[in-house]
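Undergrad: Take this structure, written in structure tokens, and hold onto it; I'll ask about it next.
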Amino acid sequence: MRAVENALGITIPDNARILRNLISGIQYVQDHVIHFYHLHALDWVDVTGALKADPAKTSALAQTISDWPNSSPTYFKAVQGKVKALVESGQLGIFANGYWGHSAYKLPPEANLMAVAHYLEALEWQKDVIRMQVLLGAKNPHPQTFLVGGMATPIDPNSQNAINAGTISAMLGYAKKAQDFVEKVYIPDLLAVAGFYKEWASIGGGVANYLSYGEFQKDTKSNTTNCWLPAGFIRNRDLSKVEPVDHKKVTEDVAYAWYKYSDDDKKAKHPWDGESTPNYTGPKPPYEFLDTTKKYSWVKAIRYDGLSTEVGPLSRMLVAYASGHKRVKEVVDMVLGKLGVGPSALFSTLGRTAARGIETLVTAEMLPTWINELAANIKKGDLKVHNGDKWDPSTWPAEAKGYGFHEAPRGALCHWVVIKDKKVANYQCVVPGGWNSTPRDAKGQRGVFEESLIGTPIADPHKPIEILRTIHSFDPCMACAIHIVDSEGKELIKVRAK
Amino acid sequence: MKTLLVGLGNILMGDEGIGVHVINDIKQRYSFEPPLEILDGGTLGLDLLHFFEEKDDVVIVDAVNFKREPGYIDILRDDEIPSKINAKLTVHHIGLSDILSALKILGKTPKKITLIGIQPEILDMTLDMTSVVKERFNELIELVINELKEIGHKCVLLSPQK
Chain A
0 MRAVENALGI
10 TIPDNARILR
20 NLISGIQYVQ
30 DHVIHFYHLH
40 ALDWVDVTGA
50 LKADPAKTSA
60 LAQTISDWPN
70 SSPTYFKAVQ
80 GKVKALVESG
90 QLGIFANGYW
100 GHSAYKLPPE
110 ANLMAVAHYL
120 EALEWQKDVI
130 RMQVLLGAKN
140 PHPQTFLVGG
150 MATPIDPNSQ
160 NAINAGTISA
170 MLGYAKKAQD
180 FVEKVYIPDL
190 LAVAGFYKEW
200 ASIGGGVANY
210 LSYGEFQKDT
220 KSNTTNCWLP
230 AGFIRNRDLS
240 KVEPVDHKKV
250 TEDVAYAWYK
260 YSDDDKKAKH
270 PWDGESTPNY
280 TGPKPPYEFL
290 DTTKKYSWVK
300 AIRYDGLSTE
310 VGPLSRMLVA
320 YASGHKRVKE
330 VVDMVLGKLG
340 VGPSALFSTL
350 GRTAARGIET
360 LVTAEMLPTW
370 INELAANIKK
380 GDLKVHNGDK
390 WDPSTWPAEA
400 KGYGFHEAPR
410 GALCHWVVIK
420 DKKVANYQCV
430 VPGGWNSTPR
440 DAKGQRGVFE
450 ESLIGTPIAD
460 PHKPIEILRT
470 IHSFDPCMAC
480 AIHIVDSEGK
490 ELIKVRAK
Chain B
0 MKTLLVGLGN
10 ILMGDEGIGV
20 HVINDIKQRY
30 SFEPPLEILD
40 GGTLGLDLLH
50 FFEEKDDVVI
60 VDAVNFKREP
70 GYIDILRDDE
80 IPSKINAKLT
90 VHHIGLSDIL
100 SALKILGKTP
110 KKITLIGIQP
120 EILDMTLDMT
130 SVVKERFNEL
140 IELVINELKE
150 IGHKCVLLSP
160 QK
């Protein structure tokens with residue numbers, strides 16, 4: 000959508016900019032909380048360990064770190080009862096995939112119980128706060144209201160079926176609920192858990208280059224650099240310098256990927272010239288071993304300025320921190336201070352997980368600002384959500400090229416489009432999961448996941464929870480996570496054994 | 000009486016989308032009294048949670064790996080569901096068993112859950128279902144309608160079977 004807007008030179012109305020910011024904003028908050036509690040926490044929290052906790056001591060612990068009201072001994076006793084019933088029924092359900100009792104779990108029983116209680120609370124919380132996304136985007140996680148030129152979410156203070164004063168006040172309510180939970184539950188939990196795993200501040204760092212396209216536009220220009228979370232590229236962990244982003248520096252080769260380029264698989268192409276012709280040359284599944292000296296991945300080798308580059312909340316927070324973003328700097332320094340570590344701790348598995356929490360907090364704090372911007376426009380009588388000047392293809396040039404930057408919750412995402420004779424001649428997407436799970440390139444540089452796993456200590460090769468911790472810290476989508484646990488996890492053990 | 004009929008699956012992946020195709024067909028061709036909620040659950044995971052809460056009956060249509068021949072149909076009820084589909088066939092099954100266990104620990108499990116499943120043949124990037132699954136399409140619809148009648152809905156056919 001932004002790629003087409005860029006190709007055709009479309010400026011969106013201010014309300015569309017705000018609505019897009021709000022949808023992205025609430026998506027960051029809900030997505031990150033779910034990631035932390037429901038996908039990542041169990042790498043650090045032993046659910047079965049919660050059974051050994053003393054509810055009174057758990058209550059005391061919870062009350063030291065936060066004034067969140069659900070913290071009585073009775074409350075934690077009830078949660079413990081639920082977990083016990085679940086363990087005894089033999090149907091662990093959501094908890095079924097854990098490595099319970101693994102020696103790498105370090106939390107005391109009380110911290111385990113507290114985290115499990117909040118795991119359950121977060122389940123309830125997420126379905127309420129996401130209603131904001133549903134009001135504006137119609138469906139989560141795949142909003143239906145975005146379209147080239149703006150949004151399809153009507154604004155009309157005199158209609159029941161459009162954004163009106165009632166919607167604004169409901170959204171302010173959801174935003175408050177979102178912020179409260181993040182401030183009083185997520186951040187205190189993150190700090191409490193991280194305190195027991197400080198060694199992870201020097202594990203899982205990876206490739207040392209970080210990219211953010213910038214998000215939450217402050218003006219309506221296509222791919223503006225005027226964003227609340229800034230765009231930038233950080234090279235080799237040098238926080239003293241943030242380079243401006245140039246989409247032309249993004250390239251892909253397929254030396255180790257199951258695709259065929261019409262000229263040379265090793266020659267990196269910019270996405271406008273990109274090709275995606277599948278060419279599977281691997282063994283017939285199911286297989287035990289993948290030969291990584293040959294093509295071994297369905298992901299192309301995505302590079303920025305020729306370098307393997309990490310994307311996601313850590314990249315965004317590093318770029319914001321190094322650019323002097325006031326609020327990000329305050330929260331990053333607060334978290335580092337509480338954990339008693341320096342900024343270099345950010346380049347790690349723990350840093351990645353902390354950065355996601357930091358981003359959630361600062362984004363949740365911004366939600367009311369955007370809602371109020373929208374309310375102010377409505378008050379002025381500005382109800383426009385869509386610019387239809389270029390809706391009719393007869394208004395298009397014979398040939399046009401565009402790119403569209405977006406920072407999805409999981410990281411930098413860009414689409415490139417080539418339009419010829421009013422038709423799409425080429426369309427390439429380079430997505431966050433691709434950046435982070437990219438394989439080696441023609442020069443032999445390892446991808447982001449690959450590099451981050453080098454040197455990970457593993458207590459039990461048959462239960463590589465340590466690998467899960469690092470891979471999960473990138474927040475690959477569930478589908479990817481499962482795939483990776485099976486294949487890459489085993490492969491790493493082979494690498495280490497050499 | 001609060002009933003939810005939900006089709007799960009990814010219509011871009013061949014037989015995987017059978018659940019969604021079935022509920023879409025039912026939605027177009029039937030009317031129900033009392034009315035019920037019909038939902039295309041797609042491949043959503045935890046986002047489906049609030050649709051399941053506070054329901055008396057939930058009827059799910061989905062592709063299920065029964066480890067049987069393609070086209071094999073079976074009905075799983077309540078506690079049979081999470082344990083029987085533990086061998087995960089596709090991503091969204093994690094979603095389904097996640098939702099069911101989340102409902103359980105939150106104490107919000109619907110009174111009755113019925114999963115009408117069919118063994119898929121091909122899960123690949125295609126909009127078409129295989130003929131072996133397509134041949135049993137009407138049978139699946141009949142099973143769903145019977146289930147809804149059992150629950151107490153009057154099912155009125157608006158337009159004839161394909």
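Sequence lines, in order, name chains A and B. Using numbering that gives the first Met the number 0, read the first sequence as starting at 0 and increasing by one per residue. Using numbering that gives the first Met the number 0, read the second sequence as starting at 0 and increasing by one per residue. Glycine residues also receive a C-beta, built at the ideal position from the N, C-alpha and C atoms.
Tell me whether residue 83(B) sits in a helix, a strand or coil according to DSSP, three-state version.
TA: Taking the second sequence and counting its residues from 1, the one referred to as residue 83(B) is at position 84. Residue placement at residue 83(B) is poorly supported in this model, since its pLDDT is 48, which falls under 50; the coordinates still yield a value, given next. Residue 83(B) falls in the helix class under three-state DSSP.
Undergrad: What would DSSP say about residue 159(A), mapped onto helix, strand or coil?
TA: Start at 1 with the first residue of the first sequence, and residue 159(A) comes out as number 160. Coil, per DSSP.
Undergrad: Mind checking residue 279(A): buried by the 16 CB within 10 Å criterion, or exposed?
TA: Along the first sequence, one-based indexing puts residue 279(A) at 280. Counting Cβ neighbours within 10 Å, residue 279(A) comes out exposed, since fewer than 16 surround it.
Undergrad: What are the residues that DSSP puts in a beta bridge with residue 56(B)?
TA: As a working note, residue 56(B) is residue 57 in the second sequence. According to DSSP, which records beta bridges pairwise, residue 56(B) is partnered with 2(B), 111(B).
Undergrad: Could you name each continuous alpha helix (DSSP H) segment of 4 residues or more that falls completely within the region 117-169 of chain A, going from the start of the chain to the end?
TA: 130-136
Undergrad: Give me the subset of the region 117-135 of chain A whose CB atoms are less than 8 Å from a CB atom of chain B, sorted by chain position.
TA: Against chain B - using a Cβ distance shorter than 8 Å - the residues of the region 117-135 of chain A are 119, 122, 123, 125, 126, 129.
Undergrad: State the CB to CB distance for the pair residue 140(B) and residue 21(B), rounded to an integer number of angstroms; the pair is presumed to be in contact (CB under 8 Å).
TA: Translated into positions along the second sequence, residue 140(B) becomes position 141. Translated into positions along the second sequence, residue 21(B) becomes position 22. So it is a contact: roughly 6 Å between Cβ atoms.
Undergrad: Is DSSP giving residue 73(B) helix, strand or coil here?
TA: In the second sequence, counting from the first residue as 1, residue 73(B) sits at position 74. In this structure, residue 73(B) counts as strand in the three-state DSSP scheme.
Undergrad: How close, in whole Å, do the beta carbons of residue 203(A) and residue 347(A) come, if the pair is a contact with beta carbons under 8 Å?
TA: Position 204 of the first sequence holds residue 203(A). Position 348 of the first sequence holds residue 347(A). With a Cβ gap of about 5 Å, residue 203(A) and residue 347(A) count as contacting.
Undergrad: Only counting the same chain, and skipping five residues up and downstream in sequence, which positions put a Cβ closer than 7 Å to that of residue 80(B)?
TA: What you label residue 80(B) is simply residue 81 of the second sequence in a count that begins at 1. Excluding positions up to five away in sequence, the list reads 99, 112, 114.
Undergrad: In the structure shown, what three-state DSSP assignment does residue 233(A) receive?
TA: By one-based count along the first sequence, residue 233(A) stands at place 234. In this structure, residue 233(A) counts as strand in the three-state DSSP scheme.
Undergrad: Does the Cβ-Cβ distance between residue 320(A) and residue 412(A) come in under 9 Å?
TA: Walking along the first sequence from the start, residue 320(A) turns up at place 321. Walking along the first sequence from the start, residue 412(A) turns up at place 413. Not in contact: residue 320(A) and residue 412(A) (Cβ atoms no closer than 9 Å).
Undergrad: Residues of chain A with CB closer than 9 Å to the CB of residue 115(B), please, in chain order.
TA: As a working note, residue 115(B) is residue 116 in the second sequence. None at all; the shortest Cβ gap to chain A is about 21 Å.
Undergrad: Relative to chain B, which residues along the region 6-39 of chain A have a C-beta separation below 9 Å, given in chain order?
TA: 33, 37
Undergrad: Taking the alpha carbon of residue 177(A) as the reference point, which residue from 326(A), 141(A), 30(A), 225(A) has its own alpha carbon closest?
TA: Walking along the first sequence from the start, residue 177(A) turns up at place 178. Comparing Cα-Cα distances from residue 177(A) to each of 326(A), 141(A), 30(A), 225(A), the minimum goes to 30(A).
Undergrad: Thinking C-alpha only, which one of 361(A), 164(A), 299(A), 99(A) is nearest residue 370(A)?
TA: Counted from its first residue, the first sequence places residue 370(A) at position 371. Of 361(A), 164(A), 299(A), 99(A), the residue nearest in Cα terms is 164(A).
Undergrad: Under 9 Å between C-beta atoms, does residue 139(A) make it to chain B?
TA: Residue 139(A) sits at position 140 when you count from the first residue of the first sequence. Interface residue, yes.
Undergrad: For the alpha helix (DSSP H) containing residue 25(A), name the first residue and the last one.
TA: Taking the first sequence and counting its residues from 1, the one referred to as residue 25(A) is at position 26. Run containing residue 25(A): 13-33, per the alpha helix (DSSP H) assignment.
Undergrad: To the nearest angstrom, how far is the alpha carbon of residue 59(A) from that of residue 99(A)?
TA: To locate residue 59(A), count along the first sequence from 1; it is residue 60. To locate residue 99(A), count along the first sequence from 1; it is residue 100. Near 25 Å, if we compare the C-alpha coordinates of residue 99(A) and residue 59(A).
Undergrad: For residue 150(A) versus residue 15(A), is the C-beta distance shorter than 9 Å?
TA: Residue mapping note: residue 150(A) aligns to position 151 of the first sequence, counting from 1. Residue mapping note: residue 15(A) aligns to position 16 of the first sequence, counting from 1. For residue 150(A) and residue 15(A), yes; Cβs fall inside 9 Å.
Undergrad: Below 6 Å CB to CB, which residues in the same chain sit around residue 64(A) once its five sequence neighbours on both sides are set aside?
TA: Your numbering for residue 64(A) matches position 65 in the first sequence. Contacts found: 187, 191.
Undergrad: How far does the beta strand (DSSP E) with residue 410(A) in it reach, from first residue to last?
TA: As a working note, residue 410(A) is residue 411 in the first sequence. Start and end: 410-419.
Undergrad: From the beta carbon of residue 248(A), is the nearest beta carbon of chain B less than 9 Å away?
TA: If you number the first sequence from 1, residue 248(A) lands on position 249. False, the Cβ-Cβ gap to chain B never drops below 9 Å.
Undergrad: For residue 429(A), which residues does DSSP report across the bridge?
TA: Taking the first residue of the first sequence as position 1, residue 429(A) is located at position 430. 413(A), per the DSSP bridge assignment.
Undergrad: Runs of 3 residues minimum, wholly inside the region 206-284 of chain A: which ones carry the beta strand (DSSP E) assignment?
TA: 209-211, 214-216, 226-228, 231-233, 249-252
Undergrad: Is the Cβ of residue 106(B) closer than 9 Å to any Cβ of chain A?
TA: Against the second sequence, residue 106(B) aligns to sequence position 107. So yes, residue 106(B) belongs to the interface.
Undergrad: Is it buried or exposed, residue 390(A), if we count other Cβ atoms within 10 angstroms and call 16 or more buried?
TA: To locate residue 390(A), count along the first sequence from 1; it is residue 391. Counting of Cβ neighbours within 10 angstroms places residue 390(A) among the exposed residues, the total staying below 16.
Undergrad: From residue 475(A) to residue 58(B), what distance separates their C-alpha atoms?
TA: Here residue 475(A) corresponds to residue number 476 of the first sequence, with the count starting at 1. Here residue 58(B) corresponds to residue number 59 of the second sequence, with the count starting at 1. Going by the C-alpha atoms only, they are around 31 Å apart.
Undergrad: Based on Cα-Cα distance, which residue from 460(A), 436(A), 373(A), 447(A) lies nearest to residue 153(A)?
TA: In the first sequence, counting from the first residue as 1, residue 153(A) sits at position 154. The option with the nearest alpha carbon to residue 153(A) is 373(A).
Undergrad: Excluding the 5 residues flanking residue 34(A) on each side, which residues of the same chain have their C-beta closer than 6 Å to its C-beta?
TA: Taking the first sequence and counting its residues from 1, the one referred to as residue 34(A) is at position 35. Around residue 34(A): 474.
Undergrad: Is the distance from the Cβ of residue 447(A) to the Cβ of residue 308(A) below 9 Å?
TA: Your numbering for residue 447(A) matches position 448 in the first sequence. Your numbering for residue 308(A) matches position 309 in the first sequence. In contact: residue 447(A) and residue 308(A) (Cβ atoms closer than 9 Å).
Undergrad: Run through chain A and tell me which residues come within less than 8 Å of residue 49(B), C-beta to C-beta.
TA: In the second sequence, the residue the question calls residue 49(B) occupies position 50. 126, listed in chain order.
Undergrad: Give me the subset of the region 8-20 of chain B whose CB atoms are less than 8 Å from a CB atom of chain A, sorted by chain position.
TA: none
Undergrad: Return the CA-CA distance between residue 336(A) and residue 398(A), expressed in angstroms with no decimal places.
TA: For the purposes of this step, residue 336(A) is identified with residue 337 of the first sequence, where counting begins at 1. For the purposes of this step, residue 398(A) is identified with residue 399 of the first sequence, where counting begins at 1. Spanning the two alpha carbons is a distance of roughly 54 Å.
Undergrad: Please report the distance separating the alpha-carbon of residue 13(A) from that of residue 377(A).
TA: Start at 1 with the first residue of the first sequence, and residue 13(A) comes out as number 14. Start at 1 with the first residue of the first sequence, and residue 377(A) comes out as number 378. In a straight line, the C-alpha of residue 13(A) is about 11 Å away from that of residue 377(A).
Undergrad: Of all Cβ atoms in chain A, is any one closer than 9 Å to the Cβ of residue 46(B)?
TA: Indexing the second sequence from 1 puts residue 46(B) at position 47. Cβ-Cβ to chain A under 9 Å: yes for residue 46(B).
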